[in-house]
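*Asks:* Encoded as structure tokens, here's the structure I'll be asking about.
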Amino acid sequence: MIGSMKKSRTLGILAILLLAVAIAPSAQSYPTGISGAQDGGCSCHGQTPSSDVVASLEGLPSELEAGATYTLNITFTGGPSYDDNANPAALGGFHLWVSDGVLAPVDEMVQLNSDGSVTHTGTDKADTGMGNDQRNWTVEWTAPMDGGAKFVLHVNSVNGDQTNGGDMWGKLTADVGPQPAEQASGLTVLASAILLMVVITLSCVLWVFYRQDPGAFAWERFWPWFSDYITSTDHKKVGTLYMVNGLFFLGVGGLFALIFRVQLAVPGNDFLTQDEYNQFFTMHGTTMIFLAAMPMIAGFANWIVPLQIGAQDLALPRLNALAFWLNPAAALLLFSGIFSGQGADTGWTGYAPYIVSHTAHSGATLWVAGQILIVASSTISGINFMTTFCTMRAPGMGWMHMPLFSWSMLIATLMLFISIPAFGIGLIQVLLDRTIGTVFYEVAAGGDPLLWSHLFWYFGHPEVYVVVLPAFGVISEVLSTSARRTIFGYKSMVFALAGIGIVGFIVYGHHMFTSGMSPVLRFVTMLTTMLVAVPTGIKIFNWLQTMHGGSLVYRTHTLWALGFLVTFTLGGISGMYFPAVAMDLHLHETYFVVAHFHYVFVGGIVFGLYSGIYYWFPKATGRMMNEKIGILHFMTGFISYNLIFWPMHRLGIQGMPRRQHTYFITTDEYFALPPETADWNMLITVAAFMFFASNLILVYNMISSGLRGQKAPSDPWGGWSMEWLVSSPPPTPSHDPSNLPVLEFAEIHGDSEPGFFGRMIQWMMIPEDDDGGEEE
Amino acid sequence: MSYGGHDDHHHDHQHSHWGPHDWNHGHGGAPHNSWAPIMIAFGSSLFLLGFTKVFTQTWDDEADLWTYAIHSSQIGLLIAGLAIFSAGLTVFWRQDWSHSGSFEPKAIGTPFRTIDIRKVAIWMFLMSEMMVFSSLFSTYIRYRTGFDNCVTLFESSIEPGSTVVLEAGQQCWLPASYFIAEGGYHQEHANAALGFMPDTLIPGAINTFALIVSSYTIVLALKTAKDASLSDAERNSKVGKYLSITLFLATLFLTFKLIEWFVGFEIGHEGDWYYFHAPSLSADHFTIHESAYTYCHSWDHHGGADHHGACEPGQDAIFDIRMAASTFYVTTGTHGVHVFGGMVALAYMVLKAFRGGYTPQNAVSIEYFGLYWHFVDLVWVLVFPAFYLY
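These protein sequences, in sequence, are chains A and B.
For the first sequence, this note's numbering assigns the number 1 to the initial residue and increments by one for each residue that follows.
For the second sequence, this note's numbering assigns the number 1001 to the initial residue and increments by one for each residue that follows.
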């Protein structure tokens, strides 16, 4: 246990950190609005470079002398001002960046910017002697003491009518001196890292086998032990497989993120090509949602649900194993494209018509095929869990006696398996479009891309709740146990879950506000989306009240739960910006969206699951986790996480678009991003590496505590749901089927009698000659 | 350390991961291990990989078109996947073979108390199946209501006595029922014996009846299997026969469906005069690649012997009917795949029935398959009017 000194110190540090994170990037909106190039209000000269405008940069030496100063001459030809005789003074401007060395202006035509780049001076023609009356400029560059440099030059050719229409710009890059050694391609880095992860994972498996009984280690015993796992239909072993699978792909998804964070760390980077970047963010999203979050949730559900509701196993154990094995089988298909350099580049939403067009990579076909297997997996496990909940609750456990984690899984699986067939059918249509040539999304044949959006988001939005509701359940369990009291407002918690489950199906239109859907529907979806905040708010309120009325014990799982409350609430608040249609149009497709859904996905789901890992690890392995390492994991993870995603709000408001492989900091061209953007992005990249490293602490903790941790009692935290009844680790079968635990309440007689709906269902489903379920 | 021990299972016998299953899990109630899940999963993965290899379309930059091809040399992966999948399914069923009804877990608590867990599971499964077909029907409704009907489009575009002003390759909806139910232009020749051509809807109607009757025979199989008054030999034979009839009717359904798609019904002829003539949909050019379908309006109005070759000028148009065909083939095809899945299960059940596998104690297994079978039947009852009649 942590003493009260440590407790208040921890809380104090947390409070200071939160305050720092909150005030540092004081978000402010820029008058230029989002993607200023399109909306006017800035002096950009067209969206994309024009090949008509040809820049040249003269004066660079072939042999670079360290520290020498060179005079560079910048000129350009082409563009509107070149031909326009009405403006004898050729009009134009430039912007020159250099990776190393020092740039300096020579005369008043050129000015030095705060980021070290140089531009022309003057804002309009009336400024006498100013640099934008020119077609050539002169600057000085002092070479660095060692190494070479890269130059990036933008020039613009304006038509002199004081508006931006018809203006053009061109781009030139130049290298001088010795360049750094050829960089590894992002793909090579990724492939090596994943291979390394596979090797490490397999080594861990071997190590775990060895450490179980080092004295009796023999290779002949490995295969029986291993095959017992991969053929197991026991819910605990399948749950372990799910967790290993989920954590592995959490790492892989993290690798994707790290690699494209390297790409985004500095403006104009070329570590990844645009093509690779598209594949990487597509696979990042797909991996994180379908191969990391959902398997980890299924892992918890497998482990905990039968224990918690007092069942011996799940209802359909073999189908449970099948649902698991479809995940790695799907992963093979999803990833086979990317290693051939032809991975899916469609985004995790796979929007039509791009996904059926020939410009989409061939790997997209395999991506779709893999997703079909994921759909099959989710459907099968959905059926399994629904059946388990409906039929295998221990005697005496009515619906309103189920623990909240089980309730959250019930609502989540119900939502999942009602919504995911729509996605499955959409995928099958796309697969057939891409293989045998049907035309469901082929625009030339009258295909409607919006249909895909509807099928996808009909699944995609409930999916968001499917992954977040189990995290709610974990938090409810953890907070009530840690606060040493029952959860505040159990019934309202259940009704809030059910409310989210119902409303969650009628809000998906908010993903399509910019797709041209009917304004009436936009209005309706706006209202329903805002309505979701009500049950969610009830849950937050109840959690706070649970802590208020209880006496909190600060273990690692409690800290993660508190972290969850903070970050999920922030994610929920930023989420409330989007149902407002006008706000959504403004913030759509910017990093604000990225910040929002990562606050919900990572701060909500992953934090909730981490809390669950620390909470249930003793139950699953019979060993206590190391609290000191756990707190280290929480502190590093929580801080670095917030450092990654909080600044993204600011970037989004400044107009940095998501799904773009690079960006330029320039005040007068292209995307109008201020120079500070580069600093924030560098901070985010550094923090991303910290966050990745912090998760390695968790893996280390799990393995070392699993092998050497203190022996855990059957109820280490003082929880009172049924999983704490059985030993740690639980026996097989988890509860003795001939002697199931009985939940005894005062109202037991009322609850075990079927209610009105129960009688109706029995009347419909039990034949009259049934003898009442006696075993034959 | 305890990531699961070496000896979690305290069985007093050696069990195999390949089957057969030990129902009620021996003494301890531990579930059995099985190779089936991992085989089925990786089999499906390999099958889908093979599928995308065999059916790979390439983009023709010059023509700005997809080129479709079946790469039969790549079929190895597809077959390997299918083989592993089938082997997995065999392992799965081999473990089920010994299910005698002595172990039938029942639900505890409201609202399904005393109901078989398997029964609840199959209803849950049907719930998600419902969503599968709802999604297909949403697609159908979206495109059916969003497209002009080709016939209406043609008729609204011509002035009497003038030529048609329609762009070649205009997208419109030529429903499958235009070829199947209306069958007008199939009747190039009267039936020699009858003096008129019987309705080309007849194969479809037979199919519908076949499915409905098969729903009845599966119930008969269940009723017989539950009948404790019959001797074992009599019951085995009767249940086996009823299940075989069901399997036969399902096979008939799929066979007719494939004939309707690819072969066509052409029954006896004297010269050019067929007794019954309903060409296949592919011969009628109702295919997913038909972006330039030659539509002959005259066939609708004056079906007769004269309209064998080209249409009369001004009485024809070139239509893009790919969307109608895609929707038709994928929706009825998905239903067909469900029928095929049912046939595979039926084959297993027929085998088990004749070997004496079904007794009053485990007859409910037939009922649970029957629930699925009724569902497939019910879907056909919706598909049939939407695609064949309207």
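Where a beta carbon is used, it is the ideal one built from N, C-alpha and C, also for glycine.
Given the structure is predicted, the values throughout are model-derived calculations rather than measurements.
Is there a C-beta anywhere in chain B that falls below 7 Å from the one on residue 517 of chain A?
*Replies:* Judged by the 7 Å Cβ criterion, residue 517 of chain A is not in contact with chain B.
*Asks:* Which residues, taken in chain order from the region 96 to 116 of chain A, show a beta carbon closer than 7 Å to some beta carbon of chain B?
*Replies:* Per Cβ criterion, the list is empty.
*Asks:* Name, going along the chain, the residues of the region 424 to 449 of chain A whose beta-carbon falls closer than 9 Å to a beta-carbon of chain B.
*Replies:* Answer set for the region 424 to 449 of chain A: 424, 425, 426, 428, 429, 431, 432, 433, 434, 435, 436, 437, 438, 439, 440, 442, 444, 445, 446, 447, 448.
*Asks:* In its own chain, which residues sit with a C-beta less than 7 Å from the C-beta of residue 187 of chain A, not counting the 5 before and 5 after it?
*Replies:* Excluding residues within five positions, the ones whose Cβ falls inside 7 Å are 276, 341.
*Asks:* Given that a residue counts as buried once 16 or more other Cβ atoms are within 10 Å of its Cβ, and exposed if not, what is residue 199 of chain A?
*Replies:* Burial call: exposed.
*Asks:* So, does the CB of residue 417 of chain A fall closer than 7 Å to a CB anywhere in chain B?
*Replies:* Yes, residue 417 of chain A lies at the interface with chain B (some Cβ there is under 7 Å from its Cβ).
*Asks:* Closest Cβ-Cβ distance between residue 232 of chain A and chain B: below 7 Å?
*Replies:* Closer than 7 Å: yes.
*Asks:* Against residue 1120 of chain B, what residues of chain A qualify as contacts under a CB-to-CB distance less than 9 Å, listed in chain order?
*Replies:* In chain order: 315, 386, 387, 390, 391, 765.
*Asks:* Mind pulling the chain B residues with CB within less than 7 Å of residue 175 of chain A?
*Replies:* Per Cβ cutoff of 7 Å: no residues; residue 175 of chain A is ~33 Å from chain B at best.
*Asks:* Let's test the definition: count the other Cβ atoms within 10 Å of the Cβ of residue 1071 of chain B and tell me whether it reaches 16, buried, or not, exposed.
*Replies:* Exposed, by the Cβ-count rule.
*Asks:* Might you give, ordered along the chain, the residues of its own chain that have their beta carbon closer than 7 Å to the beta carbon of residue 758 of chain A, omitting 5 neighbours on each side?
*Replies:* Same-chain partners within the cutoff: there are none.
*Asks:* Closest to residue 1032 of chain B by CA distance: which of A:722, A:314, A:534 is it?
*Replies:* For residue 1032 of chain B, the nearest C-alpha among the options comes from A:314.
*Asks:* Looking only at its own chain, which residues have a Cβ that is under 7 Å from the Cβ of residue 692 of chain A, when we skip the five neighbours before and after it?
*Replies:* Excluding sequence neighbours, residue 692 of chain A sits near 254, 258.
*Asks:* Along chain A, in chain order, which residues have C-beta atoms closer than 8 Å to that of residue 1068 of chain B?
*Replies:* In chain order: 436, 437.
*Asks:* Using a Cβ-Cβ cut-off of 7 Å, state whether residue 93 of chain A counts as contacting chain B.
*Replies:* Not an interface residue.
*Asks:* Which of the three DSSP states, helix, strand or coil, is assigned to residue 321 of chain A?
*Replies:* Correct three-state label for residue 321 of chain A: helix.
*Asks:* Can you confirm whether residue 1136 of chain B, when its beta carbon is compared against all beta carbons of chain A, has any partner nearer than 7 Å?
*Replies:* With 7 Å as the cut-off, residue 1136 of chain B counts as an interface residue toward chain A.
*Asks:* Using a Cβ cut-off of 7 Å, which residues of the region 1096 to 1117 of chain B contact any Cβ in chain A, in chain order?
*Replies:* Flagged, chain order: 1101, 1102, 1106, 1107, 1108, 1109, 1110, 1111, 1112, 1113, 1114, 1115, 1117.
*Asks:* Which partner residues of residue 73 of chain A appear in the DSSP bridge assignment?
*Replies:* DSSP output for residue 73 of chain A lists A:58, A:138 as bridge partner(s).
*Asks:* Quick one: residues in its chain with C-beta nearer than 8 Å to the C-beta of residue 1107 of chain B, no 5 flanking neighbours on either side, listed in chain order?
*Replies:* Result list for residue 1107 of chain B: 1113, 1114, 1115, 1116, 1117, 1120, in chain order.
*Asks:* Measure how close the beta-carbons of residue 409 of chain A and residue 385 of chain A come, nearest whole angstrom, since I'm counting them as under 8 Å.
*Replies:* About 6 Å separates the two Cβ atoms, so the contact holds.
*Asks:* I'd like to confirm the pairing. Which residues does DSSP put opposite residue 111 of chain A in its beta bridges?
*Replies:* Answer by DSSP bridge pairing, in chain order: A:119.
*Asks:* Helix, strand or coil for residue 623 of chain A per DSSP?
*Replies:* Residue 623 of chain A: strand per DSSP, three-state reduction.
*Asks:* If you reduce the DSSP assignment to three classes, tell me which class residue 395 of chain A lands in.
*Replies:* In this structure, residue 395 of chain A counts as coil in the three-state DSSP scheme.
*Asks:* Secondary structure at residue 1400 of chain B, three-state DSSP: helix, strand or coil?
*Replies:* The displayed coordinates of chain B run from 1001 to 1390. Any statement about residue 1400 of chain B would go beyond what the structure contains.
*Asks:* Would residue 267 of chain A and residue 664 of chain A qualify as a contact pair, given that the criterion is a beta-carbon distance under 7 Å?
*Replies:* Yes, the Cβ-Cβ distance between residue 267 of chain A and residue 664 of chain A is below 7 Å.
*Asks:* If contact means a Cβ-Cβ distance below 9 Å, which residues of the region 1128 to 1154 of chain B contact chain A?
*Replies:* Listed in sequence order: 1128, 1129, 1130, 1131, 1132, 1133, 1134, 1135, 1136, 1138, 1139, 1142, 1143, 1146, 1147.
*Asks:* Are the CB atoms of residue 434 of chain A and residue 1034 of chain B nearer to each other than 7 Å?
*Replies:* Not a contact, by the Cβ cut-off of 7 Å.
*Asks:* For residue 1171 of chain B, which beta-bridge partners are listed by DSSP?
*Replies:* In DSSP, residue 1171 of chain B forms a bridge with B:1320.
*Asks:* Under 7 Å, do residue 624 of chain A and residue 710 of chain A count as touching if we go by C-beta distance?
*Replies:* Yes, they are a contact pair.
*Asks:* I want to verify the contact list: residues of chain B whose CB lies under 7 Å from the CB of residue 511 of chain A, in sequence order.
*Replies:* What residue 511 of chain A touches in chain B: nothing, since even the nearest Cβ is about 17 Å away.
*Asks:* Please name the residue, chosen from B:1073, B:1356, B:1204, that lies closest to residue 1231 of chain B on a Cα-to-Cα basis.
*Replies:* The shortest Cα separation from residue 1231 of chain B among B:1073, B:1356, B:1204 belongs to B:1356.
*Asks:* Going by DSSP, what residue range makes up the alpha helix (DSSP H) through residue 1166 of chain B?
*Replies:* No alpha helix (DSSP H) contains residue 1166 of chain B, which DSSP labels as neither H nor E.
*Asks:* Examine chain B for any beta-carbon lying closer than 7 Å to the beta-carbon of residue 650 of chain A, and answer yes or no.
*Replies:* False, the Cβ-Cβ gap to chain B never drops below 7 Å.
*Asks:* Who are residue 1279 of chain B's beta bridge partners in DSSP?
*Replies:* B:1264.
*Asks:* Have a look at residue 1219 of chain B and residue 390 of chain A and give me their C-alpha separation to the nearest angstrom.
*Replies:* Residue 1219 of chain B and residue 390 of chain A: Cα-Cα distance of roughly 27 Å.
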